[in-house]
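Engineer:
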Amino acid sequence: MIRIETVIKNFLKLSVLNTIVAIIFLFPILIPQLAFPILITEWPGIYMVLAYFIFLFAAVIGFIAWTFAYYLLWKLYEIKFVKRNLVYAQIVLLEIGALLACIFMYWGGYVGSSAAYSGMSEFVVGIMMEFATIPSGLGIGLILFGNLFGILNLILAWKE
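Take the sequence shown: its letters are residues 99 to 258, numbered as in the numbering used here.
1. Using CA atoms only, rank isn't needed, just tell me which of Q188, L252, A213 is closest to F109.
2. Measuring only the C-alpha atoms, how far is I152 from Y168?
3. Just to confirm, are G195 and M227 a CB contact at a threshold of 9 Å?
4. Quick check on the DSSP output: the alpha helix (DSSP H) that includes S211 runs from which residue to which?
5. Bridge partners of I100, per DSSP?
6. So, at 7 Å on beta carbons, what are the nonlocal neighbours of I162 in its own chain, with the 5 sequence-adjacent residues on each side left out?
Listed below in structure tokens is the structure:
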């Protein structure tokens, strides 16, 4: 068991850290030599935008939402402890999943849109982006499982 105040503090700290990481993910867009504004307008470039929003929703807004959920559990139901292993599994799966999905979708989108911008066919562009498909999907799956562990932790805390 772990004190719920500690869980709330950890989720809040991670949401701030993830906000800083989200800001860092925006820096490449500001570098004109990388041609990001042009590449985002190409077909595979949407993957970069999706990657950023997945990270934003899962790692920034998601961690803030879990902070709020645990806070409500503490204040409304006066629950003092939750399962330690489920909290750590939730944090690890959410963080790794968000980073995995974001990095590989961003990378795949950049490679694909660079190829499309240079005139390669859609078939070749699709093949060039295949390396990012499985890790991105794995990251999304980890995000879902992390949230499932959080929901399970809330349900088990209510029952006690």
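For glycine and all other residues, C-beta sits at the position ideal for the given N, C-alpha and C.
Structural biologist: Taking the definition as stated:
1. Per the Cα distances, Q188.
2. So the two alpha carbons sit approximately 22 Å from each other.
3. One thing to note: G195 has its Cβ no nearer than 9 Å to the Cβ of M227.
4. Start and end: 182-215.
5. DSSP links I100 through a beta bridge to V180.
6. Counting only Cβ-Cβ distances below 7 Å, and skipping sequence neighbours, we find S113.
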